Every structure is written in structure tokens, then in C-alpha cells.
Amino acid sequence: MRSERINALIEQYRPGYGLPAGFYTSPDVWAADLGVLSPLWYLVGHTSQIPEPGDTKIVSLFGESVIVVRGSDGVVRAFYNVCSHRAARICDESAKGLRQFTCPYHNWSYSLEGQIKSRRLEVVFDETFDPDAHNLRPCHLRVLEGLLFLSISDTPTDFDEAYQPFEELFRFYGMANAKVARIHGFPVVANWKTLVENTIDPYHVPVVHPNFTKTRTPAYWQAAASTRTAEVIAAATQAEQEMKEWEAALTQLPDVTGVVVQDGRHDEQFRWLVRGPLTPGYQSETIGGKRVAPLMGRFTESDEASVFSNFNPLDSLFMSADHATIFNIRPLAHDRIYWETMWLVDKDAEEGRDYDTEEVCEFYTEVNAEDFPIWERTYQGATSRAYRPGRLAPQESFIGDFQQWYVRRLREQVDAPEPVSV
Amino acid sequence: MRSERINALIEQYRPGYGLPAGFYTSPDVWAADLGVLSPLWYLVGHTSQIPEPGDTKIVSLFGESVIVVRGSDGVVRAFYNVCSHRAARICDESAKGLRQFTCPYHNWSYSLEGQIKSRRLEVVFDETFDPDAHNLRPCHLRVLEGLLFLSISDTPTDFDEAYQPFEELFRFYGMANAKVARIHGFPVVANWKTLVENTIDPYHVPVVHPNFTKTRTPAYWQAAASTRTAEVIAAATQAEQEMKEWEAALTQLPDVTGVVVQDGRHDEQFRWLVRGPLTPGYQSETIGGKRVAPLMGRFTESDEASVFSNFNPLDSLFMSADHATIFNIRPLAHDRIYWETMWLVDKDAEEGRDYDTEEVCEFYTEVNAEDFPIWERTYQGATSRAYRPGRLAPQESFIGDFQQWYVRRLREQVDAPEPVSV
Amino acid sequence: MRSERINALIEQYRPGYGLPAGFYTSPDVWAADLGVLSPLWYLVGHTSQIPEPGDTKIVSLFGESVIVVRGSDGVVRAFYNVCSHRAARICDESAKGLRQFTCPYHNWSYSLEGQIKSRRLEVVFDETFDPDAHNLRPCHLRVLEGLLFLSISDTPTDFDEAYQPFEELFRFYGMANAKVARIHGFPVVANWKTLVENTIDPYHVPVVHPNFTKTRTPAYWQAAASTRTAEVIAAATQAEQEMKEWEAALTQLPDVTGVVVQDGRHDEQFRWLVRGPLTPGYQSETIGGKRVAPLMGRFTESDEASVFSNFNPLDSLFMSADHATIFNIRPLAHDRIYWETMWLVDKDAEEGRDYDTEEVCEFYTEVNAEDFPIWERTYQGATSRAYRPGRLAPQESFIGDFQQWYVRRLREQVDAPEPVSV
Ligand code: FES
Ligand code: FES
Ligand code: FES
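Residue numbers (our numbering), protein chains in the order written: chain A, 1270 to 1691; chain B, 1270 to 1691; chain C, 1270 to 1691.
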């Protein structure tokens, strides 16, 4: 019955127009969405948050609490934060230098590698007790140039295939040698798709984000319109010329420039990796283009460019020569989101001397504040009986790609739901 | 399945007794109630709130946000507050003197008459883009002597047939020349029927509302009991005599006195229009009967009377010679209501000089405060397993009429639900 | 369909392991749980709270509001707090010395024995009005040595059969001559079974409750492990010896010592009554064993012992020679609980002179604060996809008994749900 309703919505969808309202507003669709989203990998933090053995970071993802921990061997692993005895949540909060995990309920303890160490001395189970069945349940975790990726699926998508193409550029930008300057989050009343569609929408930028708009040339914004009027063609030519000039001036990087990855409607992930020039004179993606922190990675001077990458519909990363910004959409229900932003700078930069955290965070703090009311009011529109899937503008072709990707994945999910091992 | 449960409740209903509990407490019934309520017209404001072209009032009704706007031509219209592009809510709040509507997401703009004016200059849709399909979606709106009536139905009931009978009296009371003295609202945990039944219940007034009780004669309250004991008959005779004396003293109005409209269980709306004398010496429906504002409409002296009108189960209007009060029950869920009160005085009256807002609002502010705990505790009773539909008293015949009206409309709704055009 | 899902959960349950997650997290199971719980009797207060005719205590149980009242004849009765007219909740709060109940909506009134006295003088119903059908609806209430027990079922379990065995010991401990020293409650985000399993779990005590642990000897805690290692056998022998010595020293009570009642998986209630020695030198179940109030009942000196009784899964009572403590688990939803604690001392004890309330409440206030995070984090674990029903330790056999009792009762409930008379 639930899948009948979802199939009816899928039938109503017309590519080139917005999604039917139920895709945003229905709790049933949200339940199926979990199946669409869960096989993917999510960017949940940075290794600099857990530098030493026994350091932990507690991650919350799709309602699950997960312990990310650096083991005695220095390897980073992840475990569900659930005791194998009577299921008490083991860790309250991120911690430093733990020697083991001890459950506060009956003191069962586990090694940093998740193996059960004791079920309290005075309790003797008989020989039918299988210790191996009582280790902490592991969660898939991978590290890519310092970035921590987690999947709560038992059969996640192929990590290497998905993210190997990102590696070289991330290394160049020094992601593995970064540290966290600030984390900030807030709740949003909207569907996750409302936020995704906003994140990949260049069409709203000149209207909503004046300072972001200034980071790219006027030609850049005009060229984004795919309809070929004389004016747009002129702009596209101009933008192409700007890109060429920027590439010519770029001596540091041998090959990784421009678009390297752009997943479309037929791919498994919904990935992107785009590199392109900022407005001439802009050293960094900041208000006015000023540098806000020491250069990172292999930079000896700014490339006056910016990288935008998407690892899946919910997580994105913007890199400049001097800092990087991570955005996480964390859906809590069909109409509730937690939106989190994390800023990274070089690990050797010193707050106060080399950078001012307020200055590093100023740009995207403003962008977030500008988008927040847009997210909520767009979701409100989807709840109205007057809602009609609107015609997408030429500049919104990425949104159309996302919607086709989503509808295809949802149909697969409804036809063959991922087994939930509970 | 849902309609089976509702039909079972309908079967349980016995006229003369209260409604079975599920009519108040079931979310399923509430979903069907929306179909019962939506074809009707709702009193959502007064033209004085939008005196000039470009003035808007944002109305919230049954979860919909609607823009009521005075056009360049001076005509008042209503539009759903949803952009035709990607559905962003266009207006946050009521405003003055707009020249057009501009959506904050991508700056598509619309004329005050709802026609699309631009989809941003740099975007060119091809010839398949139909501008007429992208106008703002209109909402039915009518004005009756300054009172704004809205329906979110595509096929609302016949407005003229319903409210033409109210017109002459509203003109006499100067409704078109009124202005808003205050608006005040608060949330209530109850079902909307709990509040309707309280609003039309004279039986509770002498118990709960001492100052309201004093505005009518003792005979009035006693006569309301339809059981004919000697005492009640004497009171009724007395009340009739009082009415005659009041009518005799009334020279201003040729014919519109006493009851002119009283919808019963067989009518489409649930309307009332009753005019009757106040306690001798009472100039207005206030504490102690004092006048609290300049006379309105064609009054040259007070008629020492009051008009009570109901336009539907949720909206009512009380008029005295010097001020008027509007009540709106706004259901948000089966168990949540927003209750709003609006006070009107003559548009030429000046605050401070001609009237004191506190004094104008004092009477019904007190009545609201007295009713509020009654609403919540009556709803609480409906959630108990000890709840039994109680026997209605003779003075509660209006409630019986409402319940029969409601059950009939609900049955029609379950049999043939209004098509919801989403 | 609902019962299919519950039956599937019942099939998954394996004795000796924890319950499958759905028993804690599913709203459907909670709806069925109400049928399991409602035939039982609940401890809702003490007669000392309503000493005089007309004194009332308003009790909230499973969403119902109930008036417990001492009648003019001194007898304590209970009525649903719902007016027979239009269902208004009659009493807001507990009161003293009422002469009758008067509904605030239309002033219908009822005697303290629940009989309708008037439906307002001026209202005359005709001869078809049956006053007896409009009395307050009674609720089953019983008093056991001052303790008030309520059932909202029309056909509750046999009270005398269930609780007669408790009577003699409660009389000895002076329960009928107690008074309330303090009541304290707070909300918990958890399932009621999470709290029950914690309440009857000796295994967590040495880990979570250091001061509670000290009230019993080390041998006591070790002996609780049923696996027969040499160490445990030695401890059990030691604990048995301690019990014998305590019994030998006990001259006051002829026979009621040790375990007198222990309901298992096959009984109707889930009752317990256990009496046993405290750590030598402990006069009372307090921090350090100090006496905190005058001796109660027939005690002339402390028995250095404690009684633990459970009347059903939700209500328990701990008695020392000088004070007693009542715990009530009050489920509000599948994931919300109100936890209330009530402390009793002898009715003739005078605050300030004979006891200090802070001192009386100190011990279990601390125990509650220690358990609260355990309850919430255990419930959180049940919501995880990593949850697996864990192997129960030998010391958790009571939990296994409770789970088997519960699953059996639930199966009966699903097969033949108790008729709900609405
Ligand atoms: S629940 Fe973790 S040790 Fe018992
Ligand atoms: S949503 Fe209104 S202009 Fe795009
Ligand atoms: S509801 Fe109690 S008297 Fe009317």
C-alpha cells in the first residue's frame, strides 16, 4: 500500500518540472528515502578530531549513534554505540585517550578495536556464551586525505571507485593536514530534497547571495543559462576565455583543473568535483576575496580558484587555497533537518596569530543565513494545495539531474528495498 | 477503511445526545472534517487593513497561506502565497504599497493582479514556456460591507445566496466604515467542534460569564429553556414583552429586527443573524453597558441592542452601536486550535481621544479568558474512556442543530469527498 | 495487520535473551501493552492524603483523570473526572473538604458519592431523563493498609487474591499509620519495559549505585549469580548464613520473613514481596544505614532489614523500620514515562523535630539520579539498527521472568483483546 502511493507519485513526475509535492511532504516517502540514502558514504568529520589512540568522535547519522575511534594501532574505526549486553548507549560524547570502552550499565568492556574484554568478573556465563558474538558491531568507515567517511549500510557502494578521482586534488589542497577551525549547526524545518536542490542551484545565487555572486565574474553567472541567446552566447565565450586565461596562469597543478567529476542521473552516487577560477584578484572564496588563513597543501601562492565537491546529495566541500568548508545535510524526519558547517584550516596555523576564526567563517555563515529562510519557505510551498511542480529554468539543469537520479533510485528502492538487518 | 470507521461513528450518533468521542479525538475524522469545512466562506479580515493599492494581508487558513491584496484598480483579490516556479512562499508578512510581488528565491515577479511579469531577465525559456500557466493561483474572495470572506475551495458555496440577507443590517451598523482596534489570538488544545458547541451555547453563560449575563435580562436567560414549566412560560412572556418594548422604542430601523436568519440542520452553511435588546440601560455589549467608542453607521443614539451573527461554524461577529467583535476558530489539527479575536470601531474614531482600546476590548477579553479553560477541559473529557455522549438540555437545542448539520455534511463528505486538486 | 506485526515480534523472542527491539519502540505494541496493563491494580497514593470527608486526590493513570475522594461516610471511592453532561473535566486539582462536586461548565453537581444532585434549577428535563444514568462513572478502588489501589478496567484482576498475602507484613510495618513526607516526579524518554527491567535488575546495582550496594553484604551481591562457581557457592553459603543469623536475631515477627511472594512467568500479576537483612549495623535503607525517622508500626527497634514489594510491573514499595518509599512508572506513550517517587514516614512524626525530609529522601533521590541516564541510554540502544537481543546474565533471571510473563500476557491480549467500553 505504501509502495503503491509512492509509485503513483513516481508516475506523476515529469522531467524538467519540479517533483510532485508528496516527495517532500510524505512520511511514507521519507521511510523509502532512508533506503535510497543509506547505501551511500557520508562525510562525518576529519582525522584531526581524533589525533591520538583512544580519541573518539561520536557521530549521529540517520538516527544512529556511531563511535569513531582511533585504535591502539593508530587505525581509525567505527562502531555502533550500542552495548552487546542490554543495548545501553556506551559513550555520551567525544573523548580523548580512552583505554577501552566501558558500558555504564553493567560495566561490560570492549577494546578500542571493539572486542569484548570482560562481562564483569563475578559473572560466569556457561560454555554456550560466545564472546565473538558480543563484540561491538562495526560500521563501515574509510578515510580519504583526512576526511572521515561512514556508511551505516551492510553493503555500501564501492568507496574507491567513487572517491579515488577526488584524491589527487584533495592531496594538493592539503586536506590530510587540515584541522577544524569551527563547527556550527542549526535545525531547519524542510525536506532534505529542498536543501539539496538549493545547494546545487546556481540560478538563485545572484538573487540571494550578493557576496557569493561577487566571487565569480558576471560572465560566469550568465553563461550558466543553457538557452543560447546572443547575450548568453557572448557570456559563455567570455567565461570560456576567462577559464583559459586562469588555466594558462596556473603553473602549480599539472592536470587537475576544471570539471573532473560530474555524476548525472545514471550514476550510483551523486558526486561532483568542479574547479574553476574566482573573480580576478580574489585570493580565496571570501567576502571581497581576501585571504583569511595561511596557504594549505602545496600552494605557494593562491590559484585564485575554488573547488566545489559533492560526495553524495547531502555532503559537500568547498576548498580555497587557504581554507575549506564542509556542509552536511542531516535529515531527521520528512520535514526536519540539522544543517552543519565545518571550517578547516592548515593544521599548523595558529588562531590569533595566523588567522581569526570569525574571519574564516564569515563568508559561509552569511551564505547560510541567506539560505535558511529560502529553505523553509520553499518547503512551506510544497505543503500547499496550490503547489504545482514548476517548470525548471535552463540554469536549473543540475536540479533536473538530481531529481532524475533520485526518482530512479527511489523506484529501485521501492521495487527491491535494501534488506534492513534488524 | 478510514471511511468505515467514520461511518461507524455516524451510526453511533443519537440526535439529542452529544457526539461520540471519536468525532472530537480522531485524526481520521479531522481529515474528513477538512472536506466538510473547506467549501464554506471564512471571515478573514476587514478592508480597512488594506486601504491602498498594493496593501496586503497574509491570511493563514487550514494550513494554507493566502495573500489578500488590493490591486492597482482598487479591487481586492486573493492568491495562494506560492511561487509558480519552485514554490517558495512569496510574502512573509502583511505589507503596505507594494508595486508587485517578487519571489525572494529567484526574483520571478508578479503583478498585484497575479500575472507573471518576469522570470528574471537573463533566463530565456523556449516557446514551450506558457506564461499564463505561471500566474499566481487565485483564491476565491468576496467583500461584504468591508468584511473579507475567503474560500480555499475550487467550488465554494453560493456567496450571495448565503450572505445577501446580512447586508442591510451590516450597512446600518456601518461595517464598511470600520477600522481594526485590536487583534488578539492564542492557541487552544481542543477540537474545533468543542469550541463551536461552546460558542452557540446559552446554557453555560450564566455559570461562566457573569458580566455577559448582565447584558441580558433575567427573563432572557430563563426563556431560553424550551421546556414549558410555569416559571419558564412566565419568563418567556416577559422576554417577549421586553422585545416588543425594545422594538417599539426603535425608530431607526424599519424592519431588520430580531431573528432574521437561522440556519438549521438542513442548510448548506451554518449561519445565524439574531438581533435583540440588551438589559435596559445598556448602551453597548460591555461591562456595565457603558459606551466605549463613538457610534457607528447610521446610529444617532444607541439602540440598546446587540447583533450576533455566524457565517459558518467557525466565524462569528457581535455588533453593538459603537463597536463590533469578530471571533475566528482556526483549526490546526484534530486537537489544536488558534482562536483569534478582532475588535472594530468607526474608522473616524481616534484612539486616545474618542476611545480607549483597553476599554473596547475589555469585555470579550474577559469572556475569552473565562471560556478558555472550559474548552480545554471539555476536550479532555472527550479523550476519556468514561466519556458518554450526554443528554442535551433544552437550552442546548442550537448545539443539537449544529451536530445534526455536521453529521449530515460529514456523511455527504465520506460518500462523495470533494476532489482535492493536488 | 497490527496484530500480525506483534505476532511476528512474539515469534522472534527467545527466552534468556532480551526482547526484540519492536517491543520497546513500536507505537503498535504500546497500544497492545495498554490491554496488558489495564486489568491490573495500581498504587496511586495513601489514605493520609485524603484524611477527611470531601478531601480529594486527582490521579492521572494511562491518560485517564480520576477523582479519589473520601465520602461523607468516610469511605474512599474513585470516579472518572468527567461530567455526565457534556464531559467537562470536573476537578482541576486535589482539594480539601468539598461538600459536593460542581462542574464548572453548566454547574451540574454531584454528591461526594457520585450521585447527580442537580442539573441546574432552571433546566427541566422531561420524564425521559434518567438521573441514574447521569451519575459520575465509578472506577475500581481498594485500600490495603492505607495504600490506595486503582484499576481503570471494568473487570480488574482479583484484588484480595493478589494482595492479601502482603497485608500482615504491611500492618507490621505500620503502613496504615503513615503520612507522605514528599512526592517527586520527572519525565523520562524510554519505554516502560526499559524501566521495569532496570527496577528488578540486581546485576547493575554494584556498578551504578555505590550507596545502595553498601546496604547489602558483598556475599549478597555475589550470591545473586546463579552460576555455580566455587566462588559463587562460597558467597551463597555465606549469604545464607547471614540470613539465618538475621532471622535468629529477629524476635519481633513470628513468621513473615524472607521471601513470601514471588510471582513468576505464569502468574496473573507480576508481584513480589521479599524481606531480607541489610548490611550488619544498617538500621535503615539509607546512606550509611543511619535511621532517618521515628520507628513505624510495631517496631521497637530496627530489624536491620528491608522489604521490597512489587504490586505489578509498574509499582513498587521499599519498607525500612523507619520509612518507606513508593515508585510509580507511569507510561504516557511508547517512548515517554513519568517516574514518581513518594516517601512515607509515621503519621505522628513531626518534620523538623523528628525527621528532616531531605535526609529521608536523600537515598532514593540519589538512586533515581543514577538510574535516569541508564534508562534513557538503554532505550536509545533499542532504537538502533545495531540492536540485538543480548544474552541475559545469570543475575538477570528476574528480567527473564518478567519478559516471559509479558510476552505471554501480550499474546493473550492480541488473541483476545480486553473489550474497551467506549
Ligand atoms: S547493557 Fe552494557 S553492560 Fe549491560
Ligand atoms: S521559487 Fe520563486 S522565483 Fe524561483
Ligand atoms: S459539562 Fe458539566 S455541567 Fe455541562
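The beta-carbon is built from N, C-alpha and C at its ideal position, and this holds for glycine as well. Quick caveat, the model's predicted, so the values are computed rather than measured.
Query raised in the report: For B:VAL1691, is the classification buried or exposed, using 16 other Cβ atoms within 10 angstroms of its Cβ as the cut-off for buried?
Result: Confidence is the limiting factor: at B:VAL1691 the pLDDT is only 36, short of 50, which leaves the residue's position unreliable and the question unanswerable from this model.
Report task. Give the range of the beta strand (DSSP E) segment to which C:LEU1610 is assigned. Result -> In the sequence under discussion, the amino acid at residue 1610 of chain C is Thr, which differs from the Leu named in the question. Run containing C:THR1610: 1605–1615, per the beta strand (DSSP E) assignment.
Requested in this report: Could you check the C-alpha separation between A:ASN1246 and A:GLU1362 for me, to the nearest Å?
Outcome: The structure shown does not extend to residue 1246 of chain A, since chain A is modelled only from 1270 through 1691, so no value can be given for it.
Requested in this report: Taking only the alpha-carbon atoms, compute the straight-line gap between C:MET1444 and C:TRP1377 and give it to the nearest angstrom.
Outcome: 37 angstroms
Requested in this report: Kindly indicate if chain B contains any beta-carbon less than 8 angstroms away from that of A:ILE1643.
Outcome: yes
Query raised in the report: Would you say B:GLN1538 and B:ALA1431 are within 8 angstroms of each other, going by their C-beta atoms?
Result: yes
Query raised in the report: Can you give the beta carbon distance from A:ILE1359 to A:ARG1339, rounded, assuming they're within the 8 angstroms contact cut?
Result: Actually they do not touch by this definition, with Cβ atoms about 16 angstroms apart.
Query - Own chain partners of A:ARG1440 with C-beta closer than 6 angstroms, once the 5 adjacent residues on each side are dropped - result: GLU1414
Query - Ordered list of beta strand (DSSP E) runs contained in the segment 1545–1591 of chain C, each at least 3 residues - result: 1574–1581, 1584–1588
Query raised in the report: What residue from C:ALA1517, C:ILE1336, C:ASP1591, C:VAL1465 has the CA that sits closest to C:TYR1442's CA?
Result: C:ASP1591
Report task. Excluding the 5 residues preceding and the 5 following B:CYS1352 in the sequence, name in chain order all residues of the same chain whose CB lies nearer than 7 angstroms to its CB. Result -> ILE1359, CYS1372, TYR1374, TRP1377
Query raised in the report: The alpha helix (DSSP H) spanning C:LYS1462 covers which residue range?
Result: 1461–1468
Requested in this report: Enumerate in chain order the residues of its own chain whose CB-to-CB distance from B:VAL1458 is below 7 angstroms, with the five nearest sequence positions on each side excluded.
Outcome: ASP1604, ARG1605, GLU1645, TYR1648
Report task. Take every Cβ of the segment 1651–1662 of chain C, pair it with every Cβ of the segment 1324–1335 of chain A, and state whether three or more of those distances are shorter than 8 angstroms. Result -> yes
Report task. Give the DSSP-derived three-state secondary structure of A:ASN1637 in the structure shown. Result -> helix
Query raised in the report: Out of curiosity, what's the CA-to-CA distance linking B:PRO1479 and B:PHE1632?
Result: 11 angstroms
Query raised in the report: Whose Cβ in chain B lies nearer than 7 angstroms to the Cβ of C:TYR1349?
Result: SER1653, ALA1655
Query raised in the report: Does the beta carbon of C:ILE1421 sit closer than 8 angstroms to a beta carbon anywhere in chain B?
Result: yes
Query raised in the report: How is the alpha helix (DSSP H) around B:ILE1279 delimited, first residue to last?
Result: 1271–1281
Query raised in the report: For the segment 1451–1484 of chain A, which residues have a CB atom closer than 8 angstroms to at least one CB atom of chain B, in sequence order?
Result: GLU1466, TYR1472, HIS1473, VAL1476, VAL1477
Query raised in the report: Looking only at its own chain, which residues have a Cβ that is under 6 angstroms from the Cβ of B:ARG1599, when we skip the five neighbours before and after it?
Result: TYR1607
Query raised in the report: Of the choices A:GLY1323, A:VAL1561, A:THR1610, A:THR1569, whose alpha-carbon is the least far from that of A:GLU1619?
Result: Nearest of A:GLY1323, A:VAL1561, A:THR1610, A:THR1569 to A:GLU1619, Cα basis: A:VAL1561.
Requested in this report: Just the C-alpha distance for C:ASP1429 and B:THR1486, rounded to the nearest angstrom, thanks.
Outcome: Approximately 58 angstroms, taken between the alpha carbons.
Requested in this report: State yes or no: is the beta carbon of C:GLU1333 nearer than 8 angstroms to at least one beta carbon in chain B?
Outcome: yes
Query raised in the report: For ligand 3, any of its heavy atoms closer than 7 angstroms to the Cβ of C:HIS1354?
Result: Within the cutoff, so yes.
Report task. State buried or exposed for A:VAL1689, treating a residue as buried only when at least 16 other CB atoms are found within 10 Å of its CB. Result -> Below a pLDDT of 50, predicted positions are generally treated as unreliable, and A:VAL1689, at 46, falls in that range; no measurement from the model is reported.
Query raised in the report: How about B:PRO1523: is its C-beta nearer than 8 angstroms to some C-beta of chain C?
Result: Bear in mind that the predicted position of B:PRO1523 carries a pLDDT of just 48, short of 50, making it unreliable; the figure below should be weighed with that in mind. Taking Cβ atoms only, chain C never reaches closer than 8 angstroms to B:PRO1523, which makes this a no.
Query raised in the report: For B:PHE1348, which beta-bridge partners are listed by DSSP?
Result: B:ILE1336, B:PRO1407
Query raised in the report: Are the segment 1560–1578 of chain B and the segment 1501–1514 of chain B touching by the rule of at least three beta carbon pairs closer than 8 angstroms?
Result: no
Query raised in the report: Do we get a CB-CB distance below 8 angstroms when we pair B:ASN1404 with the residues of chain A?
Result: no
Query raised in the report: Closest to A:SER1329 by CA distance: which of A:GLU1466, A:GLU1511, A:ARG1283, A:CYS1408 is it?
Result: A:CYS1408
Query raised in the report: I think C:LEU1410 touches C:LEU1419, with their Cβ atoms under 8 angstroms apart; what is that distance to the nearest whole Å?
Result: 5 angstroms
Query raised in the report: Can you find a CB in chain C that lies within less than 8 angstroms of the CB of B:THR1486?
Result: no
Requested in this report: Give me whichever residues DSSP pairs with A:TRP1299 in a beta bridge.
Outcome: The partner list for A:TRP1299 (beta bridge, DSSP) is empty, contrary to what the question assumes.
Report task. Would you mind reading off the limits of the alpha helix (DSSP H) that contains B:ILE1595? Result -> Not the alpha helix (DSSP H): B:ILE1595 falls in the beta strand (DSSP E), residues 1593–1602.
Query - Where the alpha helix (DSSP H) containing A:GLY1669 begins and where it ends - result: 1666–1684
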